[in-house]
Amino acid sequence: MKKKSVRADGGQGGGNAAAKAESGARPRRPLAKRFFWAGVALVLAAALFLAGFFTYYATLPQGARSLLWMWSEVQAHYYYDVEEDAFWDAALGGAGDALDKYSEYYSPEEYAAVESSYAGQMEGTGLNFFTGTNRVARVAIGSPVFFANGPAGTVQEGMYLTGAGKDGALADITDSAGAANALAAFKEGDAVSLRFSTVNDPAAADSFTLTVTFAGYTESYVLYACGGRAFAYTYDENGAASWQDVSAYVTQDEAVSGDTAYIRIVRFAGDAAEAFARAAMQFKEDGAAALLLDLRNNGGGRMDILQRIASYLLRGASSRTEVVQTARFKDGSRVHYLAEGNYFKEYFGDAAVYAAANTNSASASEALLGAMYSYGTLAYADIYLTKLGEHTASTYGKGIMQTTYSRGDEAVKLTTAQIYWPNGTCIHGTGITEEDSDASGSPRAVAAESNADFGNAWLSSVLEDIAAR
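What the sequence shown shows, in the numbering used here, is residues 30 to 498, in sequence order.
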C-alpha cells in the first residue's frame, strides 16, 4: 500500500510541477503554481484518505480483516478466475452458519425471489414438494397444474411426480434431485408433460399425465369449500382477481358437505388477508353452522397479514385493536401486534370453530391458533392434530420472530424476538401438543402415515368427527 501511494501521489504531482518550471515562460508561472498547489492538495487528500483507511482497517474485527486479506490473495495468486460478487456471496452465506436456522443473507437475486414469492408472483408449473422429496406438498391455486386438473386426473397432496418432459418424451423421476433438474430445464412458454401417481414408481398402474404450459401466474393462498362447492381467487393476465367456483380443480370440496365450511390458509402471504375476508363473506352467505380452519403445512408468513386475518377470528374480542401477539426483543422491550378490526360476530356469529394443524404448522399459524385460543374462539379440544406413528402429535413449535433488513437490493433476515400469545403463553420449542389440556380436554390426535394426507382421508375423518359433536 505504501508503494502505491508514492507512485500515485508523489510521482505524478512532482513531475508535472518540474516540467512546467523548466519551460521558463513567465506567462505560464501562475498556471504552474496552480498545478503545483493542486498536486500538494492531492497528496494531502490521499494522505488523509490512507490515514482514515488504515485507522478503519485497524478497527475491523479479525475475521473481517482475514476475509479482506484472503480476497487479495485470491486475486493475486489463485489459478482460476473468481467473480468478486461470488466470493462475497459465499462469505456472507457462510456467516449464516453462526446464526440460527431461521436467519440468512439474501443476495439481490434471492431477495427479489423472496419478495416475489411473498407477493404470490410465480413462474413455473405450480408444484411444491415436501423437502427432499418428489412428493407433492401443494398445487398452487391459480397455477398451470391447478387449472389442468379435471377428468384426466387431479393432482393431490401426497402424490408423486414420477416423470416430466416435452414432446411426449418423459424422463423418469424418483427423487428430489430428479424433480428439481427436470423442472429447471423448462422455460416460459414450454408445453410440459407431467406424470403423477400415488406411489413413487414411474410405472405405477394408476399413473396419469397432465400437459401444462410453463408460465407466470399469481398464486392465491386461501381456499374455501362448503356444500360440495369450492371457491378461491383467480387472476387474469392483467392481475385482476375474481372470486371463482373452482370445484372442478380441487378435491377438498368432495369431503365438505352439510353445514360445515372449510377454509384453508396455505401461507400468510400475497392475497391471504383479502381472500380470507372474501371467504368469511362466503361463509355468511352459505349460512354454515361450523368452520374448520385448516393450517396444516402452513409454515407462517407476514405479521401484517396475520393481524388482518386474526381480526375475523377473535370471538371474545371487546375492541377493534386487541393484541394478537407480543414480541419481546433482546433489550427487553416489547411490541404488541394488534388486530385491525373485530369482525367475528358479523361473519361467523355463533358458529363453532375448529382448527386442523400438523408438525409443519409453524410461526404465524401457531400465533393465530394462540390468538384464537386466548380469545375463546376455540378450546384445546377443538384443535385437530396429525399424529404420526408413536410421536406426540403437535404443531412445529416456533415461538420466535424474524425481521428482514434490506440495503438497496440485498437483505438479511434475523431472529429478533421471542413471541407470546395474548394470554402470555410461549410455545417455542414445544408447539401445541396432544398433551396440552384445559377444561374442554386436549387437542384431538388423528392418525396419519405422513403430513402428505393423500386422498383427504385425514380431512374426511376430522369432518366426520365434527359432524358428530
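Using N, Cα and C, we set each Cβ at its ideal position, and we do this for glycine too.
Around the beta-carbon of Arg473, 16 or more other beta-carbon atoms lie within 10 Å, marking it buried. Distance from the CA of Asp235 to the CA of Tyr425, rounded to the nearest whole angstrom, comes to 33 angstroms. In the displayed model, Met332 falls within a helix according to three-state DSSP. If you ignore the 5 residues before and after Ala166, its C-beta comes within less than 8 angstroms of the C-beta of Asn157, Phe158, Phe159, Glu186, Asn326 and Ala481, all in its own chain and listed in chain order. Cβ contact annotation for Arg293 (same chain, cutoff 6 angstroms, sequence separation greater than five): Leu252 and Asp323, in chain order. In the three-state DSSP reduction, Lys374 falls in the helix class (H, G or I).
Contact between the stretch 215–222 and the stretch 194–207 is present, with at least three C-beta pairs closer than 8 angstroms.
In chain order, Ala368, Asn371, Phe373 and Tyr404 place their CB closer than 8 angstroms to the CB of Ala346, counting only its own chain and leaving out the 5 sequence neighbours on each side.
By DSSP's assignment, Tyr135 forms a beta bridge with Ala440. A check of alpha carbon separations from Ala446 across Glu464, Arg436, Lys427 and Gly437 identifies Lys427 as the nearest. Bounds of any beta strand (DSSP E) do not take in Ser490; it lies within the alpha helix (DSSP H) bounded by Ala486 to Ala497.
Under the three-state reduction of DSSP output, Ser101 falls in the helix class. In the structure shown, Trp117 falls within a helical segment according to DSSP collapsed to helix, strand and coil. If you compare the alpha carbons of Thr433, Gly155 and Tyr291 with that of Leu488, the shortest gap goes to Tyr291. CA-CA distance, Pro173 to Ala244, rounds to 7 angstroms.
Between Ala440 and Thr432 a beta carbon distance of about 10 angstroms is seen, past the 8 angstroms cut, so the two are scored as non-contacting. Remark: C-beta atoms of Ala385 and Val241 do not approach each other more closely than 9 angstroms. Beyond the five residues adjoining it in sequence on each side, Arg331 comes within less than 8 angstroms, by CB distance, of Tyr147, Phe297, Ala298 and Ala393 in the same chain, given in chain order.
Note on Gly192: 16 or more other CB atoms within 10 angstroms of its CB, so buried under the neighbour-count rule. With the rule of 3 Cβ pairs closer than 8 angstroms, the stretch 442–458 counts as touching the stretch 349–359.
For the pair Gly92 and Ser435, the Cα-to-Cα distance works out to about 23 angstroms. Apart from sequence neighbours up to five positions away, the residues of its chain that approach Ala177 with a beta-carbon distance below 6 angstroms are Leu239 and Val241, ordered along the chain. If you ignore the 5 residues before and after Tyr131, its C-beta comes within less than 6 angstroms of the C-beta of Gln431 and Thr444, all in its own chain and listed in chain order. Here DSSP, grouped into helix, strand and coil, assigns Ser205 to helix. The Cβ neighbour count for Gln281, taken over all protein chains shown within 10 Å, is at least 16; the residue is labelled buried.
A buried status is given to Val275, since no fewer than 16 other beta-carbon atoms sit within 10 Å of its beta-carbon. Straight through space, the alpha carbons of Ala302 and Val184 are spaced by roughly 26 angstroms. The alpha-carbon of Ser466 is positioned some 47 angstroms away from that of Asp118. By the criterion of a C-beta distance shorter than 8 angstroms, Asp315 is surrounded in its chain by Cys255, Gly256 and Ala290, once the five residues flanking it on both sides are discounted.
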